[in-house]
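Participant: So for the sequence shown, this note's numbering puts the first residue at 132; every next one is plus one.
Cβ coordinates follow ideal geometry from the N, Cα and C atoms, glycine included.
Because the structure is a prediction, the values reported are computed rather than measured.
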Amino acid sequence: ATAPMPLPLHWHTATVVPDGRVVVTGGSALADQLVGVNDCAFIWDPATGAWTEGARTDSGKARLYHSTALLLPDATILVAGGGAGGNFPQTNTNAELYRPPYLFDGDGRFAPRPRITGGATSLRYNVLHNIKVDNGAAIARVTLIKTGSVTHGFDMEQRFLELTFRAEGNVLKVRAPANARLAPPGRYMLFVLNAQGVPSLARLVSI
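This is the structure:
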């Protein structure tokens with residue numbers, strides 16, 4: 132059990148992001164109606180179970196049935212669609228980008244991001260792999276997120292894993308997930324985060 136969302140919503144989409152939080156976008160109070168349309172990003176923190184309110188969109192686009200939200204390798208969220216192909220209040224064959232708060236500093240400017248500069252693109256279970264970064268001492272976390280597959284408000288492929296690592300200069304010795312029950316074979320986005328929680332661009336890896 133956790134804290135309820137700030138609004139009761141139908142056909143919203145929940146997206147796991149590189150710091151382990153969950154961002155909820157879209158939806159409305161009444162299914163597929165322009166009643167209580169959600170124009171805000173709600174962010175759930177697994178450490179506290181609490182929700183905070185992120186940025187709002189002023190596009191006027193209702194992301195209802197047939198909408199989607201997908202984490203991109205640059206750690207933004209593609210929010211798109213809604214209603215196309217049926218008797219719905221809007222037909223939205225368009226998209227928006229949501230930039231989570233971790234991309235900004237306290238003054239609202241883009242925060243400096245850690246960089247992955249090279250290393251493994253294929254991981255073997257429970258094996259240490261080298262991931263090269265621009266500043267190994269600045270890296271606080273390494274996370275792995277399954278590439279998404281979203282339809283009808285559900286992302287069937289989301290999976291978040293925190294990976295253990297040690298830094299040797301600008302090389303991170305990162306331990307891959309222990310087995311296929313934790314991380315089924317497939318494509319993943321590997322992120323490194325600094326102490327401020329700012330994520331890198333993802334390195335696409337295969338398991």
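First and last residue of the beta strand (DSSP E) that includes LEU201?
Facilitator: As a first step, residue 201 must be located in the sequence shown, where it is residue number 70. LEU201 -> beta strand (DSSP E) spans 198 to 202.
Participant: Output the distance between the C-alpha atoms of LEU324 and GLY317, rounded to the nearest integer angstrom.
Facilitator: The sequence position of residue 324 within the sequence shown is 193, counting from 1. The sequence position of residue 317 within the sequence shown is 186, counting from 1. Taking the straight line from one Cα to the other gives about 22 angstroms.
Participant: Helix, strand or coil, according to DSSP, for LEU292 in the structure here?
Facilitator: On the sequence shown, residue 292 is found 161 positions in, with the first residue counted as 1. In this structure, LEU292 counts as strand in the three-state DSSP scheme.
Participant: Could you name the residues that DSSP lists as bridge partners for PRO330?
Facilitator: Within the sequence shown, numbered from 1, the residue matching residue 330 stands at position 199. Bridge partners of PRO330: LEU324.
Participant: Are there 16 or more other CB atoms within 10 angstroms of the CB of PRO135, so buried, or fewer, so exposed?
Facilitator: Within the sequence shown, numbered from 1, the residue matching residue 135 stands at position 4. PRO135 should be labelled exposed.
Participant: Would you list the one or two residues that DSSP bridges to TYR229?
Facilitator: Working through the sequence shown from its first residue, we reach residue 229 at position 98. For TYR229, which the question treats as bridged, DSSP gives the partners ILE208.
Participant: With which residues is PHE241 paired in a DSSP beta bridge?
Facilitator: Taking the first residue of the sequence shown as position 1, residue 241 is located at position 110. PHE241 is bridged to PHE235.
Participant: Nearest by alpha-carbon distance to ASN310: which of LEU294, GLY185, LEU201, ARG230 is it?
Facilitator: Here residue 310 corresponds to residue number 179 of the sequence shown, with the count starting at 1. That would be LEU294, whose Cα lies nearest to the Cα of ASN310.
Participant: If you draw a straight line from the alpha carbon of ARG230 to that of GLN221, how long is it in whole angstroms?
Facilitator: Counting from 1 along the sequence shown, the entry for residue 230 is found at position 99. Counting from 1 along the sequence shown, the entry for residue 221 is found at position 90. The alpha-carbon atoms of ARG230 and GLN221 are separated by roughly 24 angstroms.
Participant: Around the C-beta of SER331, are 16 or more other C-beta atoms found within 10 angstroms, so that it is buried, or is it exposed?
Facilitator: Your numbering for residue 331 matches position 200 in the sequence shown. Buried is the call here.
Participant: Quick one: what's got a C-beta closer than 7 angstroms to VAL168's C-beta in the same chain, skipping five residues either side?
Facilitator: Indexing the sequence shown from 1 puts residue 168 at position 37. So the qualifying residues of the chain are SER159, ALA193.
Participant: Which term fits ASN223, buried or exposed, when burial requires 16 or more other beta carbons within 10 angstroms of its beta carbon?
Facilitator: Mapped onto the sequence shown, residue 223 falls at position 92. It is buried - the Cβ of ASN223 has at least 16 other Cβ atoms within 10 Å.
Participant: Is the beta carbon of ALA172 sitting closer than 7 angstroms to the one on ALA186?
Facilitator: As a working mapping, residue 172 is identified with position 41 in the sequence shown. As a working mapping, residue 186 is identified with position 55 in the sequence shown. Yes; because the gap between Cβ atoms is below 7 angstroms, this pair is in contact.
Participant: Based on DSSP bridge pairs, tell me the residues matched to VAL305.
Facilitator: Here residue 305 refers to the residue found at position 174 of the sequence shown. According to DSSP, which records beta bridges pairwise, VAL305 is partnered with HIS260, PHE296.
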